[in-house]
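Quick note on my numbering: the sequence shown kicks off at 346 and runs consecutively. C-beta: ideal position from N, C-alpha, C; glycine also. A short worksheet on the structure shown next.
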Amino acid sequence: MNIYFEKSLKSDFMKAQGLVSDSDGYVVDTTTKKRIRDNSGKIIKVKSFGGVRKGSRIFLTENVQTVVEEARLNQAQ
């Protein structure tokens, strides 16, 4: 399973979260000016940005491992 954003929706969603793309294609927080990392510590590129965990500032990539982990966390709640 993959999470896909239409290109314009991804940009709008990122802006709403206070995120932008830097010149190298990485997701950057507009407040701290730092590149965003996923929950494993890897810097996230815009092309693989999958969203933000509900009610948090934990950023997700669009891959199977992230989807499975999120499903487990949601089920545990």
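| Item | Value |
| --- | --- |
| Classification of Val391 by the beta-carbon crowding that lies within 10 angstroms, buried from 16 upward | buried |
| Through-space distance from Lys378 to Asp367, alpha-carbon basis | 9 Å |
| Inter-residue Cα distance where the pair is Ala361 and Gly395 | 14 Å |
| Glu407 versus Lys355 - alpha carbon distance | 12 Å |
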